[in-house]
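One structure is given here, and the rest of the page talks about it.
Chains as they are written, first to last, in my numbering: chain A, 1 to 164; chain B, 1001 to 1164.
Structure (structure tokens):
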């Protein structure tokens, strides 16, 4: 089977016993989570979230980029979420390179200028979490009374560590 | 219990029986998925993915924004993914508003200029999927031979519909 055939077969099995058809659009627990895209993070599982409970926003690093902020604004303003979590993790790929090195690699490989692509690689995990939380807290279009929590997830043992 | 106490209690239970501590950083099935943040989409579940299998990138709408493209470049270039899926879904919040209306609402509420925030609301679900796939396929820093598939997920019955 190809990848797609395998995924579609799994989806058929899922749909056959589907039980979430009556869920409403707004997240039931009024939560929005911003986390890294890393394959080892199954966010719903390690937070005990059920389908329908929370918006899950994910990108490389769990960075509060303009796009993540866009999603959080929509989440709160249109769909009523009232509490945000930022989750970075140990052994993150973003700790393993520098933006400039990747930009150079891409230029050499694709013969196109990659200097405009900011990759948001970082050196210090806890500090990176703090910076993302700060960025969200200082966004003009998110109310100041929304709690924004910052955590590190440990891929080696599945535990969450509170940072801020 | 507060939200955070409840999430941390669930995480303690998860960590107690944790069995993914030996997973490697690169996704085991070499997949990257771009999907909407919607709470009703538990992406790993409806695709039959295990923890460690795939990068999961999510934002409001499942849009191939610059940030999603950034994540896909990192996913392929540094962590070896070789096949991408874009997944939008029925009853998406992005079908329910216009960027301009939300920008005006934000300006009135926060007394700050929101015209620079593009929200990527859309009218046509299938067409939106096609546009995101096209955007990824035409990005200079993603190889042309990477398959990029586009799907609509049906929140009413859990099934995936191939669009492109």
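Virtual Cβ for every residue (Gly too), placed ideally from N, Cα, C.
Worksheet item: Which residues in the same chain as residue 146 (chain A) place their Cβ atom closer than 7 angstroms to its Cβ, once the five residues preceding and following it in sequence are excluded?
Response: 76, 82, 83 and 84
Fill in: Where the beta strand (DSSP E) containing residue 86 (chain A) begins and where it ends
83-89
Worksheet item: Looking at residue 48 (chain A) and residue 1011 (chain B), is the spacing between their C-beta atoms short of 8 angstroms?
Response: yes
Worksheet item: In this structure, what does DSSP give as the bridge partners for residue 1035 (chain B)?
Response: For residue 1035 (chain B), which the question treats as bridged, DSSP gives the partners B:1058 and B:1087.
Worksheet item: Could you give the distance in angstroms between the alpha-carbon of residue 1102 (chain B) and the alpha-carbon of residue 1087 (chain B)?
Response: 24 angstroms
Worksheet item: Exposed or buried, what is residue 1032 (chain B) when buried is set at 16 or more other beta-carbons lying within 10 Å of its beta-carbon?
Response: buried
Worksheet item: Going by the beta-carbon positions, is the gap between residue 158 (chain A) and residue 1015 (chain B) smaller than 8 angstroms?
Response: The answer is yes: Cβ separation under 8 angstroms.
Practice prompt. Could you name the residues of chain B that residue 15 (chain A) contacts, counting a contact when the two beta carbons are closer than 9 angstroms?
Written response: By Cβ distance, chain B contributes 1046, 1154, 1157, 1158, 1159 and 1160.
Fill in: Backbone secondary structure at residue 1005 (chain B) - three-state DSSP
helix
Fill in: Residue range of the unbroken alpha helix (DSSP H) whose run includes residue 1046 (chain B)
1043-1047
Worksheet item: What number of angstroms, rounded off, separates the C-alpha of residue 1172 (chain B) from the C-alpha of residue 22 (chain A)?
Response: Shown here, chain B extends from 1001 to 1164; a query on residue 1172 (chain B) therefore has no answer.
Item to complete: Please determine, among B:1136, B:1139, B:1057 and B:1094, the residue with the shortest C-alpha to C-alpha distance to residue 79 (chain A).
Response: The residue among B:1136, B:1139, B:1057 and B:1094 with its C-alpha nearest the C-alpha of residue 79 (chain A) is B:1094.
Item to complete: Could you please tell me which residues of the region 1-15 of chain A, in chain order, have their CB closer than 8 angstroms to any CB of chain B?
Response: 3, 4, 6, 7, 8, 9, 10, 11, 12, 13, 14 and 15
Practice prompt. For residue 84 (chain A), decide whether its Cβ has a neighbour in chain B, counting only Cβ atoms nearer than 8 angstroms.
Written response: It does not; no Cβ of chain B falls within 8 angstroms.
Worksheet item: With a CB to CB cut of under 7 angstroms and the five nearest residues on each side skipped, what residues in its chain are close to residue 1128 (chain B)?
Response: Excluding five sequence positions before and after residue 1128 (chain B), the CB atoms of its chain that fall closer than 7 angstroms to its own CB belong to 1088 and 1122, given in chain order.
Worksheet item: Per DSSP, residue 1161 (chain B) is paired with what?
Response: B:1152
Worksheet item: Between residue 71 (chain A) and residue 1030 (chain B), is the Cβ-Cβ spacing less than 8 angstroms?
Response: Annotated as distal: residue 71 (chain A) and residue 1030 (chain B), with beta-carbon spacing of 8 angstroms or more.
Item to complete: With a floor of 4 residues, list each alpha helix (DSSP H) that falls wholly inside the region 88-116 of chain A, ordered by position along the chain.
Response: 99-110
Worksheet item: By the criterion of Cβ-Cβ separation under 7 angstroms, what are the contact partners of residue 93 (chain A) in chain B?
Response: Going along chain B in sequence order, the residues near residue 93 (chain A) (Cβ under 7 angstroms) are 1025, 1074, 1078 and 1079.
Discussion item. Looking at chain A, is there any beta carbon in it that lies within less than 8 angstroms of the beta carbon of residue 1039 (chain B)?
Written reply: yes
Discussion item. Please classify residue 1027 (chain B) as buried or exposed, where buried requires at least 16 neighbouring CB atoms within 10 angstroms.
Written reply: Result: buried.
Fill in: residue 19 (chain A) (DSSP reduced to helix, strand or coil)
coil
Fill in: Neighbour list for residue 1042 (chain B) in chain A, Cβ cutoff strictly below 7 angstroms
Identification of chain A residues near residue 1042 (chain B) by a Cβ-Cβ cut-off of 7 angstroms yields 44 and 51, ordered along the chain.
Item to complete: Please decide whether residue 137 (chain A) counts as near chain B, where near means a Cβ-Cβ distance under 8 angstroms.
Response: no
Worksheet item: So, are the CB atoms of residue 126 (chain A) and residue 163 (chain A) less than 8 angstroms apart?
Response: yes
Fill in: Distance CB(residue 1090 (chain B))-CB(residue 1152 (chain B)) smaller than 8 angstroms
Yes.
Worksheet item: Buried or exposed: which applies to residue 51 (chain A), given that a residue is buried once 16 or more other Cβ atoms fall within 10 Å of its Cβ?
Response: buried
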